[in-house]
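Under mature numbering (1 follows the signal peptide of the UniProt record, and there is no 0), read the sequence shown as residues -28 to -1, 1 to 864, first letter to last. Where a beta carbon is used, it is the ideal one built from N, C-alpha and C, also for glycine.
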Amino acid sequence: MKIAPFGLKSKITLVFTLLFCFFQVCSSTILAIDYGTGFSKNSIIGPRTPLDVVLSQDSKRKDVSGIMIRPHVKDDIERGYGSNLLNFQLRFPHYVNIGLKRLLTDVSTYQSINPGVIIEDEDIIIKGKDFEVKYTFQELMAMDFNHIIHNANQQFGADKNKVAISGVNLGIDDLVLSVPRYFNQSQRMKLNDIVEISDFKQNLGFVDDNLATGISYIAKNHVKLENDTEDHFIVYDLGQGSLKVSLLTTLKNSSAILNKDEIVALNLELNGYGFNDHLGGDVFTLELRDLMMNKFLDKNTKYKKSTLLNNAKFLNKLTQSAEKCKLVLSANNEYKIFIESLIDDVDFKTSITRQEFENLIMSKYTEALIKPLDDALKSTTLFNRTDISLQNISSIILTGGSTRVPFVQQALVDYLGDDYYTLLSKSVNSDESVSSGLAIRGVKLENTFKFKQNINIIDKAINNYTVVENQSDFNLPIFAFGDVINDNKKVNFSLSEGQQNFSISLHENDQALKNYKIMFGNLKKCKTIDSNSSLELSFSINKSGIFSINKAHMICNQTSERVYDVEIDKYFIEPPMTGAELKKSQRVIKQLNEKDQQKVIIAEAMNLFESKLYESRSLLEGYESNTDIPKDLIEQLEAKINEHLEWLDYESDGCTLKEIEDKHMDISDKIRHINHYELSLKTPLDLSEFNGMVEALNSWLDDQDNVFEEQLNAVHERSEKFASLNITGTAWETFMNTPLTTRLITQNSTYYKMKSEIRDEFLPKLLNLLKDFENMDRIEKFNIKLEYMDLIENLEEMNRFLSDLFKYRLRYLDTVIVKKERQLLREYEKAKMEKVKELGLKDKNGNSVEDMMEKAHKRAEERERLEEEEFMKNTDGYDKENTEEEIELDEL
């Protein structure tokens, strides 16, 4: 294919083509997940979806974080999510995991909140009667993520009625996830694994939750900001699992060039940080639980504390009561407690006052509540901002559910004193500020559509990142505390004469993270390495906060060559999952999702079957009053109804969909036979009727030859185009060899079998009836007519099948043609892209047209891949796993 000369007209055409292509693919919908220790709060935003909250299954604006996973019938697994977990936890304490996020930070508190759960080397053990299964906590969190994705798809997806069985969505393209700034490299890598197991291919990155709150705050209050004047405020976030304090600076940039529909440009910068990753609402709850336990022991001296601490149901009842007590005491001075059958049918009744609660925690936690705030103010010097102090702060924003505890607010008032306590503000929704700010940030990271406020984030490191060269003791600083992240830094390393390789290790706060070994054996331009040679490495902290090397160049004899032969040890001190482990976990979750979908289908079928049985009972009364209907037909129906009702009550657990469908069909057939018999009483069953049957069946058989001719003509119309594209084979061969779904294969087999039965069995039977018509009794004639009526119903279904099969095969043939045309178009676009690269075209905002084209092409290719996979995935013998080659890198 020739490329036209690239003149001015071609440039204009190209730009318009690019803009059209660009905005066509920019239809991404973003899911923002604020996965907290206690609850998840999730938002969604897109070009056609205004910022909105993803509701839980019971229509609440937040959902309990966690999962129930327990043995069911036989070796099956039952899963549960959301607010039901609290009830499940009282019934099945060994199988309910609440606050899975704690397994990244604080395993001991996690076990206190989930006393019955069995943990072994970070694996959750599920023990059934005859089997035992292990799940990693990454798998359990990924299952909860899938549940969130499912809720979002049900509420906002392209097909709200379809059950989403995996993280590959119906209408949601991208994910953005909130993560505390203090999370280290190991924790971030584990979160990366969880997102990948969830099967979300487009991860926009991790966003600091306090920055997300800051975005939500300034998006709401930007009109109050002065142009080109800094405003400093603090986000004080006390959630269920941790305390995080960020000092943020915002600037309204009056000179910024705004895009269409943008109304303001804002900068948001991190300039101070403090945290406590063990202090949160759960700590207060456990303190109240201990207080309640001591009160119980005072009244029931026969129990020992050690015994109670080993009783999971007792602890869970007490924990839930303590959580409710904490919430009530935030608004009241006293809470009266009554727990029926707390243990061994012993009821528990007591009361706790707010003063008791505050006396319990005041001495232990006042300093811990204040220190992160103090650290955030003092750390400004490390962020190179010595000009910020409490006097410059305009507001201290309280967020996180635990800031509602009066003692927490009073501790802050006492620390701030009379001069500054008025800075405390509740100007954001303490539950939803992170998820809404997260969604807005996702728009900026996705960068394919615009939010009305252009908020530019300047995020900074709170750790020191260094490298150690060739096992030396010297740490070379790369990114220091306070440096901007999502940035690249290049460092040149000197080499010695004849050096064959280069080893380097990456460190976070002096802890070794990752080793790289760069081999020089395959260099082409650098024949020899001498003392003038050097290695240039490009280091980065990416949008998810991961520190790594992303580029390597060899410099020698004033030439530059990228080093391609790089062996990388990708394993951290706490290693992330390997590629094989990730795929295995994806398969495990996919299988469970498919089983759950099947359970939903079976439950719906069971309900329909039960309704059918009770409907049939009502019909029986009418049949019994009709003396013309043979008694044995009525008795057979009654016996089957009773038999199936008993099966539903006692034997239906663990049944298959086919069992239900067969039983449903059995009842339906018996009712249809009675209805047909009633109808036959009103019809003459004469010779002309049966002659009509013979004529109708012969006509149907003749029609089949006509259908084949029509298909041949439709394929012939495409043959010329098929051949002109040089596609292997002929159009008819491609049409006939279309990969079929299991359903179509089964129906195809049924069609040919039925066609043979009509021609070779039923028609001869009809002809024999006609020969001896007068000697046949009415029941025999009726049975043949009944058989004919069943056959006619099936023939109508077969006609629909033939139409579906023809359309399916024709669509596949058209897909093959379009795919070939797209391939040729991509080759042409690739040539144009090379020309664009050569010209260095940019849009009005200075963005590279080449990058825009590449992004558009990648999205188009991904969409084509998903379309083809959607077509192929239900075809017989299709196995996605076998279409991908697994490549594992060896460890150093």
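Return helix, strand or coil for residue i, following the three-state DSSP convention.
i           : result
Cys(-8)     : The predicted position of Cys(-8) is uncertain, since its pLDDT is 40 and thus under 50; a value taken from the coordinates is nonetheless stated next. If DSSP states are grouped into helix, strand and coil, Cys(-8) belongs with the helices.
Phe155      : coil
Leu396      : strand
Asp537      : Summary for Asp537: the model assigns pLDDT 44, below 50, so the residue's position carries little reliability; its value from the coordinates is reported in the next sentence. Residue state, collapsed to three classes: coil.
Asp445      : coil
Glu860      : Because Glu860 sits at a pLDDT of 31, beneath the cut-off of 50, its placement in the model cannot be relied upon, and the point is left open.
Pro87       : coil
Phe423      : coil
Asp187      : Correcting the residue identity first, residue 187 is Ile in this sequence and not Asp. Ile187: helix per DSSP, three-state reduction.
Arg783      : helix
Val440      : strand
Ser503      : coil
Asp385      : The sequence shown places Val at residue 385, not Asp. Here Val385 sits in helix by DSSP.
Asn460      : strand
Val377      : coil
Asp634      : helix
residue 894 : With the chain represented from -28 up to 864, any question about residue 894 goes unanswered, as that position is not in the structure.
Tyr622      : helix
Asn164      : helix
Ser138      : Confidence is the limiting factor: at Ser138 the pLDDT is only 40, short of 50, which leaves the residue's position unreliable and the question unanswerable from this model.
Return the first residue and the last residue of the alpha helix (DSSP H) that residue i is part of.
i           : result
Ala4        : Segment Ile2 to Tyr7 is the beta strand (DSSP E) holding Ala4; no alpha helix (DSSP H) there.
Met115      : Phe109 to Phe128
Ala577      : Gly551 to Glu596
Ser671      : Leu659 to Ser696
Phe256      : Gly253 to Lys271
Leu58       : Asn56 to Arg63
Met708      : Ala703 to Met708
residue 865 : No information on residue 865 is available, as it lies outside the stretch -28 to 864 that the chain covers here.
residue 867 : The first residue shown for the chain is -28 and the last is 864, placing residue 867 beyond what the model contains.
Asn243      : Counting along the chain, Asn243 falls outside any alpha helix (DSSP H), though it belongs to the beta strand (DSSP E) covering Val236 to Asn248.
In its own chain, which residues sit with a C-beta less than 6 Å from the C-beta of residue i, not counting the 5 before and 5 after it?
i      : result
Glu241 : Thr221 and Ile430
Gly139 : Residue placement at Gly139 cannot be trusted, given a pLDDT of 39 that sits under 50; what the coordinates show is reported in the next sentence. Excluding sequence neighbours, Gly139 sits near Asn118, Ile121, Ser170, Asp171 and Phe172.
Gly414 : Ile2, Ala4, Val148 and Leu176
Leu811 : none
Phe320 : Phe268, Ile311 and Leu314
Ser505 : Leu467 and Cys528
Thr718 : none
Since residue i is in the beta strand (DSSP E), which residue starts that stretch and which ends it?
i      : result
Cys297 : Careful: Cys297 lies outside any beta strand (DSSP E), inside the alpha helix (DSSP H) at Ala284 to Leu301.
Pro43  : Gly38 to Pro43
Glu202 : Glu202 to Leu210
Asn69  : Val68 to Ile70
Gln483 : Gln483 to Met491
Pro22  : Thr21 to Val25
Ser218 : Leu215 to Lys224
Leu314 : Glu306 to Ile315
So, under 8 Å CB-CB, residue i and residue j are touching, yes? Tell me the CB distance rounded to an integer number of Å.
i      : j      : result
Ser557 : Gln110 : 7 Å
Ala237 : Met264 : Ala237 to Met264, Cβ: 53 Å. No contact.
Met113 : Leu72  : 5 Å
Thr352 : Ile342 : Thr352 to Ile342, Cβ: 17 Å. No contact.
Leu219 : Ala348 : 5 Å
Ile518 : Arg160 : 6 Å
Val400 : Tyr189 : 5 Å
Starting from the C-beta of residue i, find all residues in its chain whose C-beta is less than 8 Å away, skip the five residues before and the five after it, and write them out in chain order.
i      : result
Thr628 : Ile574
Tyr393 : Leu384 and Val385
Leu554 : Asp165, Glu168 and Ile169
Leu735 : Val666, Leu669 and Asn670
The ligand COA and residue i: does the residue's C-beta get closer than 7 Å to at least one heavy atom of that ligand?
i      : result
Asp116 : This structure lacks the ligand COA, and indeed carries no ligand of any kind.
Among the residues of its own chain, which have a CB less than 7 Å from the CB of residue i, if the five just before and after it don't count?
i           : result
Ile434      : Arg153, Tyr154, Tyr245 and Phe453
Ala184      : Ser150, Val406, Gly409, Leu410 and Arg413
residue 904 : Only positions -28 to 864 of the chain appear in this structure, which leaves residue 904 out of reach.
Glu610      : Leu592
Cys297      : Leu260, Tyr307, Ile309 and Ile324
Determine contact between the segment 100 to 119 and the segment 163 to 171, defined as no fewer than three beta-carbon pairs at a distance below 8 Å. yes
Does the contact criterion of 3 or more C-beta pairs under 8 Å hold for the segment 55 to 63 versus the segment 27 to 35? yes
Examine the Cβ distances between the segment 743 to 752 and the segment 774 to 787 and report whether three or more of them are shorter than 8 Å. no
Report yes or no: do three or more beta-carbon pairs, one from the segment 774 to 783 and one from the segment 701 to 720, lie closer than 8 Å? yes
Count the CB pairs spanning the segment 78 to 97 and the segment 57 to 70 that are closer than 8 Å, and state whether there are at least three. yes
Does the count of Cβ pairs from the segment 648 to 667 and the segment 757 to 774 closer than 8 Å reach three? yes
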